[in-house]
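So the number in the working numbering is just where the residue sits in the sequence shown, counting from 1, plus 14.
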Amino acid sequence: LHNLFGDTDAVHISIHESGYTVDHYVPGDTVTEVLTYVQYGRAEMVDSVRQFTEESIAAGNITKQEAKSLIKHYEEGLSGYTYLEEME
């Protein structure tokens, strides 16, 4: 683990007279991987957010569609890279 952001992506390159080639790409850590290093489990975290959204629906604070969207974005964030990514 590099730091609390995790390991960065890395590439192995070879330099030639005509330029360079990328020999190997090593992906960096995902958010889930880094959280696992510090004893947080993905399933428990998602369950906690899901429970909160269910309570919020029951209280009339959010709609079912908003809850579904929130959970989807949360899960995508946990699967994402820990450093900045380009927006799609």
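The C-beta atom is built at its ideal place from N, Cα and C for all residues, glycine as well.
Are the CB atoms of residue j and residue i within a distance shorter than 8 Å?
| i | j | result |
| --- | --- | --- |
| D61 | V40 | no |
| V36 | I27 | yes |
| Y95 | T44 | yes |
| L92 | T50 | no |
| V48 | L18 | yes |
Report the rounded CA-to-CA distance for residue i versus residue j, giving the unit in angstroms.
| i | j | result |
| --- | --- | --- |
| G20 | A57 | 20 Å |
| Q79 | V25 | 40 Å |
| I85 | Y34 | 42 Å |
| H38 | T67 | 42 Å |
| I71 | S83 | 13 Å |
| Y97 | I76 | 30 Å |
| G74 | A81 | 11 Å |
Using three-state DSSP, classify residue i as helix, strand or coil.
| i | result |
| --- | --- |
| Y39 | strand |
Entirely enclosed alpha helix (DSSP H) segments - the stretch 28-101, minimum 4 residues
45-51, 56-72 and 78-93
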